[in-house]
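Engineer: For my numbering, add 334 to where a residue sits in the sequence shown, where the first one is 1.
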Amino acid sequence: MDAVLMIEADIELPALLRHLVEEACSLVNARYGALGVLNAARTDLEQFVTVGLSEAEERAIGQRPTGRGVLGLLITDPESLRLDNLRAHPQSYGYPDHHPPMASFLGLPVRGRDDVFGNLYLTDKQGGDPFSDEDEAMVEALALAAGIAIENTRLYDKVRVLSVLEERDRIGRDLHDRVIQRIFAVGMNLQGATRLNDLSQVVEKVNKAVDDLDSTMNEIRTAIFELEDGGGSRGLRHGILELAEALSPMLGTRPVVTFHGAIDAVIPQHVADHLLAVVREALTNASKHAQATRVSVTLSVAEDVALEVSDDGLGISIPVPEAKGRGLANLRARAVKLGGTFEVQAMEKRGTRLLWRVPR
Ligand SMILES: Nc1ncnc2c1ncn2[C@@H]1O[C@H](COP(=O)(O)OP(=O)(O)O)[C@@H](O)[C@H]1O
Ligand SMILES: [Mg+2]
């Protein structure tokens, strides 16, 4: 019971496996015990823990078992195996030099849910008796514990890799939707400044650009560390209005923003962050590609959260052309991530309409 409870403790796998083997040896009075774990490719042992051999003995033996012979049998044919005399088994390869002679043998596969990870084996029951049914049942419980521990460690590693990948995706999206768009806007404004004759107006534009770059640095920090929320603490409604205001010069028109429902009360922060990024990308697209005279943003909360951004510009060809950027693809990814949908519509006469919906 103690050994099984150890799985829950925060012990490194090799130390935990060693405990389990020690426990097994003492429970069944075995002189030697070992546990081998195959690597993922199943070509070699990834771990090999022995109990009962002195360091000098282990060094003298040298090479670790290769998983052939009797030990390999436990993996290819994962059943428990009990022998009175190990050497007498037809598949025995014999021992390497300097290996202490071992007679009685009890071996069990160590498995996870779908896989055999390796094996646990005990040799030389003290007093000369062979291993009993009872011994086998006890060691079986420990082999099960070892299997769970190995599986936990492998799943944990997998989850860690996946969450790193997901985080990388999020940073990529945020950089595209928030940061690059902002820098683009600053560039447009500076370009506008070169056409001004009045020096004081140029100075004003340059100062504005410096401020914008400053907040862009904050966006980068946000994207990388997700420290702040996209809408600021004053709420999504405010955030969208502010965004529409800020992008008006670039659009050449002030977007008409409409809200339906209790936006700030109902929409959770992580959805709000996505919505702001979506509005930013949609408005930036309208300014870059549409040449629109009228742009509208409508956000409604009812059964779901629905955002519509439409313009009366040049229109978009459907299917959407392979873009240089990943803007629209990102909007879709954001919707899908939240269990929602994203639709791009070419309007009958002119313009483009984006529908972005996610569940509440
Ligand atoms: N509002 C719009 N009006 C017209 N065309 C658009 C609009 N939004 C997007 N497009 C077209 O769809 C393409 C893909 O957009 P997007 O994925 O955001 O990439 P990017 O903006 O970086 O080009 C654009 O290159 C453009 O041709
Ligand atoms: Mg774009």
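All residues carry an ideal CB built from backbone N, CA and C; glycine is no exception.
How many Å lie between G565 and L575 at the Cα?
Structural biologist: Counting from one through the sequence shown, the residue named residue 565 turns up at place 231. Counting from one through the sequence shown, the residue named residue 575 turns up at place 241. Here G565 scores only 40 on pLDDT, less than 50, and its place in the model should not be relied on; the value that follows carries that caveat. If you take the alpha carbons of G565 and L575, they lie about 10 Å apart.
Engineer: Is G685 closer than 7 Å to G647 when the C-beta atoms are compared?
Structural biologist: Along the sequence shown, one-based indexing puts residue 647 at 313. Along the sequence shown, one-based indexing puts residue 685 at 351. Cβ atoms of G647 and G685: closer than 7 Å.
Engineer: Going by DSSP, what residues sit across from D638 in a beta bridge?
Structural biologist: As a working mapping, residue 638 is identified with position 304 in the sequence shown. Bridge partners of D638: P693.
Engineer: State whether the stretch 574 to 590 contacts the stretch 622 to 633, with contact taken as three or more CB pairs (one from each stretch) at a distance under 8 Å.
Structural biologist: yes
Engineer: Taking the alpha helix (DSSP H) that K492 belongs to, which residues open and close that run?
Structural biologist: Here residue 492 refers to the residue found at position 158 when the sequence shown is read from its first residue. 467 to 508 is the span of the alpha helix (DSSP H), which, as asked, contains K492.
Engineer: Tell me the start and end of each unbroken alpha helix (DSSP H) in the stretch 558 to 620 that is at least 4 residues and wholly inside, in chain order.
Structural biologist: Taking only runs of at least 4 residues, the alpha helix (DSSP H) segments lying wholly in the stretch 558 to 620 are 570 to 585, 597 to 600, 603 to 619.
Engineer: Comparing C-alpha positions only, which one of L577, I601, G446 sits nearest to R695?
Structural biologist: Outside the shown range of the chain (335 to 694) lies residue 695, about which nothing can therefore be said.
Engineer: Relative to the C-alpha of L456, which residue among G674, S630, G386 is closest?
Structural biologist: Working through the sequence shown from its first residue, we reach residue 456 at position 122. Answer by Cα proximity: G386.
Engineer: Measure how close the beta-carbons of T550 and I505 come, nearest whole angstrom, since I'm counting them as under 8 Å.
Structural biologist: As a first step, residue 550 is located in the sequence shown; it is residue number 216 there, counting from the start. As a first step, residue 505 is located in the sequence shown; it is residue number 171 there, counting from the start. 15 Å between Cβ atoms; not a contact.
Engineer: Using a Cβ distance threshold of 8 Å, determine whether the stretch 410 to 423 contacts the stretch 437 to 454, with at least three qualifying pairs required.
Structural biologist: yes
Engineer: Is the separation between the beta-carbon of V536 and that of A543 shorter than 7 Å?
Structural biologist: Mapped onto the sequence shown, residue 536 falls at position 202. Mapped onto the sequence shown, residue 543 falls at position 209. Not closer than 7 Å, so no.
Engineer: Answer with buried or exposed for V590, where buried requires no fewer than 16 other C-beta atoms within 10 angstroms of its C-beta.
Structural biologist: Here residue 590 corresponds to residue number 256 of the sequence shown, with the count starting at 1. Looking at its Cβ environment, which holds fewer than 16 other Cβ atoms inside 10 Å, V590 is exposed.
Engineer: Would you call the stretch 494 to 510 and the stretch 474 to 481 touching, i.e. three or more CB-CB distances under 8 Å?
Structural biologist: no
Engineer: Mark N453 as exposed unless 16 or more other C-beta atoms lie within 10 angstroms of its C-beta, in which case mark it buried.
Structural biologist: Here residue 453 corresponds to residue number 119 of the sequence shown, with the count starting at 1. N453 should be labelled buried.
Engineer: By a C-beta neighbour count over all protein chains shown, 10 Å radius and 16 as the cutoff for buried, is S644 buried or exposed?
Structural biologist: In the sequence shown, the residue the question calls residue 644 occupies position 310. By the neighbour-count rule (16 or more Cβ atoms within 10 Å), S644 is buried.
Engineer: With a CB to CB cut of under 7 Å and the five nearest residues on each side skipped, what residues in its chain are close to D598?
Structural biologist: Sequence index remark: in the sequence shown, residue 598 carries index 264 (1-based). For D598, where only same-chain residues beyond five positions count, the Cβ hits under 7 Å are G569, L570, R571.
Engineer: Given that a residue counts as buried once 16 or more other Cβ atoms are within 10 Å of its Cβ, and exposed if not, what is V520?
Structural biologist: The sequence position of residue 520 within the sequence shown is 186, counting from 1. With 16 or more other Cβ atoms within 10 Å, it is buried.
Engineer: Starting from P653, follow its DSSP beta bridges and name the residues at the other end.
Structural biologist: For the purposes of this step, residue 653 is identified with residue 319 of the sequence shown, where counting begins at 1. DSSP output for P653 lists no bridge partner at all.
Engineer: Since L350 and M335 should fall inside the 8 Å C-beta cutoff, what is the C-beta to C-beta distance between them, to a whole number of angstroms?
Structural biologist: Taking the first residue of the sequence shown as 1, we reach residue 350 at position 16. Taking the first residue of the sequence shown as 1, we reach residue 335 at position 1. Not confirmed; about 15 Å, so no contact.
Engineer: Indicate whether the contact test is met: 3 or more Cβ pairs, each with one atom in the stretch 605 to 617 and one in the stretch 630 to 645, closer than 8 Å.
Structural biologist: yes
Engineer: So, V613 versus V631, is the Cβ gap smaller than 7 Å?
Structural biologist: Residue mapping note: residue 613 aligns to position 279 of the sequence shown, counting from 1. Residue mapping note: residue 631 aligns to position 297 of the sequence shown, counting from 1. Yes, the Cβ-Cβ distance between V613 and V631 is below 7 Å.
Engineer: Using only CA atoms, which one of E682, T592, K671 lies nearest to H608?
Structural biologist: The count along the sequence shown starts at 1 and reaches residue 608 at position 274. With distances taken between Cα atoms, H608 lies closest to K671.
Engineer: Do G446 and E485 have their C-beta atoms closer together than 7 Å?
Structural biologist: Residue 446 sits at position 112 when you count from the first residue of the sequence shown. Residue 485 sits at position 151 when you count from the first residue of the sequence shown. Contact flag set, yes.
Engineer: Is N664 a contact residue of ligand 2, with contact defined as CB to any heavy atom under 6 Å?
Structural biologist: In the sequence shown, counting from the first residue as 1, residue 664 sits at position 330. Because no heavy atom of ligand 2 lies under 6 Å away, the Cβ of N664 does not count as near it: no.
Engineer: Heavy atom of ligand 2 less than 6 Å from the Cβ of G647, yes or no?
Structural biologist: Translated into the one-based positions of the sequence shown, residue 647 becomes position 313. Not under cutoff, so the answer is no.
Engineer: Indicate whether E553 and R507 have their beta-carbon atoms separated by less than 7 Å.
Structural biologist: Counted from its first residue, the sequence shown places residue 553 at position 219. Counted from its first residue, the sequence shown places residue 507 at position 173. If you check the CB distance, E553 and R507 do not come in under 7 Å.
Engineer: With distances taken between CB atoms, is the gap from V338 to A479 smaller than 7 Å?
Structural biologist: Within the sequence shown, residue 338 is the residue found at index 4, counting from 1. Within the sequence shown, residue 479 is the residue found at index 145, counting from 1. In contact: V338 and A479 (Cβ atoms closer than 7 Å).
Engineer: Would you please verify whether the beta carbon of V612 is less than 7 Å from any beta carbon of chain B?
Structural biologist: This model lacks chain B altogether, as it is built from one protein chain only.
Engineer: Measure the alpha-carbon distance for M530 versus S634 and round it to whole angstroms.
Structural biologist: Taking the first residue of the sequence shown as position 1, residue 530 is located at position 196. Taking the first residue of the sequence shown as position 1, residue 634 is located at position 300. Just to set this straight, residue 530 is Leu in the shown sequence, not Met. Going by the C-alpha atoms only, they are around 41 Å apart.
Engineer: Within 6 Å: the Cβ of G521 and any heavy atom of ligand 2?
Structural biologist: Along the sequence shown, one-based indexing puts residue 521 at 187. Answer for G521: no, Cβ out of range of ligand 2.
Engineer: Where E470 and R666 are concerned, what is the direct C-alpha to C-alpha distance, given to the nearest angstrom?
Structural biologist: Position 136 of the sequence shown, counted from the start, is the residue given in the question as residue 470. Position 332 of the sequence shown, counted from the start, is the residue given in the question as residue 666. Answer to the nearest angstrom: the Cα atoms are 56 Å apart.
Engineer: Roughly how far, in whole angstroms, is the beta-carbon of T487 from the beta-carbon of L379, given that I think they are within contact range, below 8 Å?
Structural biologist: Here residue 487 corresponds to residue number 153 of the sequence shown, with the count starting at 1. Here residue 379 corresponds to residue number 45 of the sequence shown, with the count starting at 1. In fact, because the Cβ distance is near 15 Å, the residues do not count as touching under 8 Å.
Engineer: Find out if the Cβ-Cβ distance for the pair L524, G573 is shorter than 7 Å.
Structural biologist: Working through the sequence shown from its first residue, we reach residue 524 at position 190. Working through the sequence shown from its first residue, we reach residue 573 at position 239. No.
Engineer: Near Q381, which residues of its chain fall below 8 Å by C-beta distance, leaving aside the five closest residues on each side in sequence?
Structural biologist: As a first step, residue 381 must be located in the sequence shown, where it is residue number 47. Correct list, in chain order: L347, P348, L351, L369, G370, V371, G452.
Engineer: Near I345, what residues of its chain come up, given a Cβ to Cβ distance below 8 Å and the 5 sequence neighbours on each side ignored?
Structural biologist: Here residue 345 is taken as the residue at index 11 of the sequence shown, counted from 1. Around I345: H353.
Engineer: Compute the distance between the beta-carbons of P464 and P443, then report whether it is under 7 Å.
Structural biologist: Taking the first residue of the sequence shown as position 1, residue 464 is located at position 130. Taking the first residue of the sequence shown as position 1, residue 443 is located at position 109. No, they are not a contact pair.
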